[in-house]
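Visitor: Under the UniProt record's numbering, residue 640 is the last one in the sequence shown; the count climbs by one each step, no gaps.
Beta carbons: idealized from backbone N, C-alpha and C, even for Gly.
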Amino acid sequence: MSETGEGFEYFPYEELRPHQREFIDLVAEAVKNGENAIIEAPTGFGKTVSVLAGILPYAKEMGYKVLYLARTHRQMDRVIEELKAINRKNPVSGVELRSRKDLCLHTYLTQFTSDAYTAMVVCKNLKKLKKCEFYENEKKKKTEFDELVKFFLSEPSHPAEILSYAETLELCPYDLTKRIAEKADVIVASYLYLLSPTIRENFISSLDVDYSDLIVVFDEAHNLPDQAISALSDRISIHTVNRAIKEADEYNEHEIANFLSIFGRGLEILYDEKLKDRDVHETPIQPELVFAHVIDILSLDTRRLVRILNDMVAVGDAIREDRIEKGKPPRSYIGRVGEFLLFWLSLIGREDYLFLMSRDRGLSLELVALDPSKALGFIRNVQSAVFMSGTLTPMEAFRDVMGIENVRMKKFPRMVKRENAQVLVAKDVSTRGDERSLQVYRRMVEYIVEVAKLIPKNVGVFTASYEVLQGLLSANLQVRLEETGKAIFIEKQGVSSAENDAMIASFKAHAKGRGAVLLGVMGGRNSEGQDYSGDEMNGVVLVGIPYARPTPRVQAQIRYFERKFPGKGRYYGYYLPAHRKLVQAAGRVHRSAEEKGSIIVLDYRLLWSSIKKDLPDWMRESMRPVDLPRMRLYLRRFWG
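#1: Residue 509 by DSSP, collapsed to three states: which one?
#2: Please state whether the Cβ-Cβ distance between residue 212 and residue 381 is less than 8 Å.
#3: What three-state label does DSSP hand residue 455 in the structure shown?
#4: Could you pull the start and end residues of the beta strand (DSSP E) that residue 283 belongs to?
#5: Rounded to the nearest angstrom, how far is the Cβ of residue 458 from that of residue 535, given a contact under 8 Å?
#6: So what does DSSP say about residue 353, is it helix, strand or coil?
#7: Can you check the segment 282-308 for any alpha helix (DSSP H) of at least 4 residues that lies completely inside it and give the ranges in chain order?
#8: Can you name, in chain order, every residue of its own chain whose Cβ lies under 6 Å from the Cβ of residue 404, other than the five neighbours on each side?
#9: CB-CB under 6 Å to residue 507, same chain, minus the five flanking residues each way: which ones, in chain order?
#10: With a 10 Å radius around its C-beta and 16 neighbouring C-beta atoms as the bar for buried, classify residue 595 as buried or exposed.
#11: What is the rounded straight-line gap between the Cα of residue 3 and the Cα of residue 611?
#12: How would you write the range of the beta strand (DSSP E) that residue 496 sits in, first residue to last?
#13: Taking 8 Å as the threshold (C-beta atoms), are residue 158 and residue 86 in contact?
#14: Drop a sphere of 10 angstroms on the beta-carbon of residue 1, count the other beta-carbons inside from all chains shown, and report buried for 16 or more, exposed for fewer.
#15: Do residue 472 and residue 444 come within 8 Å of each other at the CB atom, strictly closer than that value?
#16: With distance defined between alpha-carbon atoms, name the residue in 583, 547, 553 and 556 nearest to residue 575.
#17: So which of 526, 433 and 604 has the shortest CA-CA distance to residue 550?
#18: Within 10 angstroms of its Cβ, does residue 222 collect 16 or more other Cβ (buried), or is it exposed?
#19: Under the DSSP definition of a beta bridge, which residues are partnered with residue 38?
#20: To which residues of the same chain is residue 292 closer than 7 Å at the C-beta, ignoring the five residues directly before and after it?
#21: Pick out whichever of 442, 379, 580 and 427 has its Cα sitting closest to the Cα of residue 464.
#22: Would you report the Cα separation of residue 336 and residue 21, rounded to the nearest angstrom?
#23: Do you know offhand how far residue 514's Cα is from residue 51's?
#24: Between the beta-carbon of residue 539 and the beta-carbon of residue 451, is there less than 8 Å?
#25: For the beta strand (DSSP E) containing residue 68, name the first residue and the last one.
#26: Just mark residue 239 as buried or exposed, buried being the case when its beta carbon has 16 or more other beta carbons within 10 Å.
#27: Nearest to residue 365 by CA position, among 263, 23, 436 and 76, is which residue?
#28: So, with DSSP's three-state summary, where would you put residue 631?
#29: Let me make sure I understand the geometry here. Which of 389, 373, 258 and 313 has the alpha-carbon closest to that of residue 295?
#30: With distance defined between alpha-carbon atoms, name the residue in 97, 153, 185 and 416 nearest to residue 53.
#31: In the structure shown, what three-state DSSP assignment does residue 248 receive?
#32: Distance, Cα to Cα, residue 378 vs residue 190?
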């Protein structure tokens with residue numbers, strides 16, 4: 001490569017793609033000036049390597065640590081691949097953080113923990129009780145441990161590589177990864193490391209850095225609002241409260257058992273009053289009402305209530321320790337209820353939280369965060385933060401919702417060649433609530449079957465919701481698709497990542513044969529987190545627009561945004577998130593400028609100007625309204 005300008009010593013490839021130089025220069029300037037950047041660049045642009053090439057010269061020179069955050073393991077692995085390529089040209093160290101569970105060799109922890117918090121508590125206790133041989137070996141094999149750290153700092157490595165070496169030497173892979181992270185130039189991690197307040201504080205203090213020492217990259221940043229809301233929210237069920245009562249009896253904690261029994265009864269009274277015999281699944285409640293019954297019966301003031309809840313948290317810690325010593329699962333229902341209720345109590349009076357009672361999977365209390373920007377407060381203290389994605393239009397809305405200040409914004413043009421993109425919108429169907437019927441679903445099935453016949457190889461069908469997917473299946477979609485001779489894969493709710501990955505691998509493999517059809521939902525892991533190249537996805541059918549159901553939480557979100565951004569509440573809280581999900585699903589088709597792809601939208605509302613304005617240029621420019629015969633004609637011509 002002839003370019004030797006600033007930033008290009010960390011660009012590992014011979015050729016720059018269109019606009020990459022401008023992207024790298026923009027990032028380099030923002031980082032140097034202590035500014036933030038919001039960048040929209042299309043799929044296939046090379047965002048990962050470009051952002052690293054823009055950040056690394058200044059970060060290395062000034063001693064900043066780069067935190068590169070992504071949503072999925074697949075995206076995180078891709079960053080390590082790019083770092084390996086950079087390292088072959090110019091030395092750079094990098095490590096990918098995974099959860100304790102992913103990086104632990106202790107069978108007790110891998111067998112009995114399911115969430116990050118429990119794994120952290122268990123790990124701490126196993127070390128304290130001297131019950132982790134891998135941790136104990138760190139002292140006995142200090143030389144080997146230090147040698148491994150040195151080795152992995154010379155070559156960015158995937159978690160599996162670190163795990164393999166640690167296993168051979170019987171050392172703790174998690175501690176090894178953390179030690180590498182302390183010295184590495186780039187740390188690749190999940191959003192949760194910075195979005196969850198508890199995990200963030202532990203993480204930053206374990207690295208022994210200040211926020212001002214960090215440059216942060218948020219990849220696939222269109223996911224941030226949802227991920228932030230999720231990280232700030234919490235939920236507990238009556239089932240957990242009842243298990244906590246049994247646990248209190250078992251450990252002779254009579255005061256706690258009595259408190260929880262009265263508290264549980266109060267919840268049931270509240271449920272009868274607010275939800276029973278009503279045709280709703282959830283309802284907002286005044287937060288004080290949750291404690292009304294127990295305060296009344298036990299004559300508690302706030303100070304005594306807080307003391308009891310703090311006691312529950314302390315007792316929970318002791319119970320977890322006891323269970324670890326006995327080799328039992330390390331949970332404590334008492335501790336969990338105590339932590340949740342202290343959190344609930346601390347949020348009373350806050351307008352940015354919704355207090356909900358719901359009956360999905362049994363009676364539950366939920367704390368729903370309404371302001372995703374509260375998860376990004378720390379951004380004011382970092383040197384620079386870069387937010388990038390293929391779907392951030394309009395960027396002003398993303399900036400407002402996430403509360404990003406001192407920011408440069410740039411949208412890079414599409415890479416899809418006009419002749420390679422086809423966007424067809426059916427003008428006679430929609431998934432609008434009052435229009436859904438078996439007759440409409442049958443008409444949609446006709447469209448989908450024609451698409452599967454006329455588009456060669458693989459096709460994706462992504463619906464507005466699982467309810468719409470079910471509607472299509474009830475209109476015989478699966479049976480009709482079998483007539484095309486293509487294999488059919490159906491995304492299922494609640495399956496593990498491993499099961500889903502195996503299904504997608506099998507779907508992709510059919511691109512080498514007669515092709516296959518994948519049925520899933522917009523906003524799901526297969527319509528956003530997956531890459532399909534070449535014939536792995538020659539076309540997508542988008543059925544409907546994925547607007548959320550008007551539940552109390554969605555309405556509360558709209559009201560909150562309306563107070564914060566007058567006149568924009570409904571747009572920010574309801575319309576825009578759905579339009580972004582649709583565009584993400586459409587983007588599965590074109591992974592490079594050369595790939596041909598058809599996008600068929602079964603919802604005439606996409607032709608409305610109020611919706612079209614949120615679509616990328618390449619979709620708007622290629623869009624044509626069709627009925628079934630005209631769609632057939634256009635598809636035949638395009639794939640002729």
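Guide: Quick look at the numbers:
#1: Helix, per DSSP.
#2: One thing to note: residue 212 has its Cβ within 8 Å of the Cβ of residue 381.
#3: DSSP places residue 455 in coil when its eight states are reduced to three.
#4: If you look at residue 283, you'll find it in the beta strand (DSSP E) that goes 282-284.
#5: A Cβ-Cβ distance of about 6 Å is found for the pair residue 458 and residue 535, placing them in contact under the 8 Å criterion.
#6: Looking at residue 353 - three-state DSSP - the assignment turns out to be strand.
#7: Listed in chain order, the complete alpha helix (DSSP H) runs (minimum 4 residues) inside the segment 282-308 are 289-298.
#8: Excluding positions up to five away in sequence, the list reads 36.
#9: Excluding residues within five positions, the ones whose Cβ falls inside 6 Å are 489, 516 and 518.
#10: Under this definition residue 595 is a buried residue.
#11: Residue confidence for residue 3 is low, a pLDDT of 45 falling below 50, so the modelled location carries little weight and cannot support an answer.
#12: Here residue 496 belongs to no beta strand (DSSP E), and DSSP marks it neither H nor E.
#13: Contact: no.
#14: Only weak support exists for where residue 1 lies, its pLDDT of 37 falling under 50; the value from the coordinates is given anyway. Residue 1 is exposed by the Cβ-count criterion.
#15: Yes, Cβ-Cβ distance for residue 444 and residue 472 is below 8 Å.
#16: 547 is the residue among 583, 547, 553 and 556 whose C-alpha sits nearest the C-alpha of residue 575.
#17: With distances taken between Cα atoms, residue 550 lies closest to 433.
#18: The residue in question, residue 222, is buried, as its Cβ has 16 or more Cβ neighbours within 10 Å.
#19: Its beta-bridge partners are 387 and 409.
#20: Same-chain partners within the cutoff: 266.
#21: Per the Cα distances, 580.
#22: Rounded to whole angstroms, residue 336 to residue 21 spans 51 Å at the Cα level.
#23: Put simply, the backbone Cα of residue 514 is about 39 Å away from that of residue 51.
#24: Yes, they are a contact pair.
#25: Residues 65-70.
#26: Residue 239 is exposed by the Cβ-count criterion.
#27: Ranked by Cα distance from residue 365, the first of 263, 23, 436 and 76 is 263.
#28: Three-state result, residue 631: helix.
#29: Checking every option, the nearest Cα to that of residue 295 belongs to 258.
#30: Its Cα nearest to that of residue 53, the residue 185 stands out among 97, 153, 185 and 416.
#31: It is helical.
#32: Answer to the nearest angstrom: the Cα atoms are 16 Å apart.
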